[in-house]
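Quick notes on the structure that follows.
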Amino acid sequence: MQLDVLATPGHLISLAARGFARLSEARLKPLGFGVGHLPVLIALQDGRADTQRDLARFAKVEQPPMAQMLARMERDGLISRTRDTADGRSCHIALTELSKARLPEACVVLFEGNREALIDFTDEESDLFIRLLTRLILNLDRIVTRGATE
Numbered sequence: 001m002q003l004d005v006l007a008t009p010g011h012l013i014s015l016a017a018r019g020f021a022r023l024s025e026a027r028l029k030p031l032g033f034g035v036g037h038l039p040v041l042i043a044l045q046d047g048r049a050d051t052q053r054d055l056a057r058f059a060k061v062e063q064p065p066m067a068q069m070l071a072r073m074e075r076d077g078l079i080s081r082t083r084d085t086a087d088g089r090s091c092h093i094a095l096t097e098l099s100k101a102r103l104p105e106a107c108v109v110l111f112e113g114n115r116e117a118l119i120d121f122t123d124e125e126s127d128l129f130i131r132l133l134t135r136l137i138l139n140l141d142r143i144v145t146r147g148a149t150e
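Set out below in structure tokens:
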């Protein structure tokens, strides 16, 4: 029996992720956001992180790409930075009023896109799909973390 590499979960999830990214980018662009901004915006809004290091960890990206994204977001008026008085090398990052005003609409268009993508799924299938993806992500994180410590 020959296995079809293009029918593996990894490949199919990659295709789905790219499709969601294209959909989200198209819908977020008029609001001045990119799909990569979302983890940063949500973390800042919810108070889960407020430094570059913590945002990189939250978004699961390396520091250099996070630094580049934050520089672009600051340039575009989406975030502001203030120096940490206790540690002059560190900055606290916050949403600007512009981001705060646009973020609710961004969430609406993203939820709408997700609903459209899952239109043929029952509520039970959608819930199961989300639970399975969450477990898969935890498994992958565990594998990658274990591999980094070996």
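All letters in the sequence shown, in the order written, are residues 1 to 150 by UniProt numbering. We put the CB at the ideal spot given by N, CA and C, even for glycine. Since the model is a prediction, treat every value here as computed from it, not as a measurement.
Neighbourhood of residue i by C-beta, 8 Å cutoff - its chain only, sequence neighbours within 5 removed
{"i": "residue 96", "result": "77, 78, 79, 80"}
Collapsed DSSP secondary structure at residue i in the structure displayed
{"i": "residue 57", "result": "helix"}
{"i": "residue 24", "result": "helix"}
{"i": "residue 126", "result": "helix"}
{"i": "residue 42", "result": "helix"}
{"i": "residue 16", "result": "helix"}
{"i": "residue 82", "result": "strand"}
Chain B within 8 Å of residue i, Cβ atoms only
{"i": "residue 28", "result": "In the structure shown, chain B cannot be found, because there is only a single protein chain."}
8 Å contact criterion, which residue i and residue j should meet: CB distance rounded
{"i": "residue 50", "j": "residue 41", "result": "Not confirmed; about 12 Å, so no contact."}
{"i": "residue 52", "j": "residue 73", "result": "Contact doesn't hold; Cβ gap of about 11 Å is too wide."}
Proximity of residue i and residue j at Cβ, strictly below 8 Å
{"i": "residue 33", "j": "residue 106", "result": "yes"}
Beta-carbon contacts of residue i that lie in its chain and below 7 Å, excluding the five residues immediately before and after
{"i": "residue 71", "result": "none"}
Open item on the list: Does the structure place the segment 111 to 123 close enough to the segment 13 to 28 that three or more beta carbon pairs sit under 8 Å?
Closed with: yes
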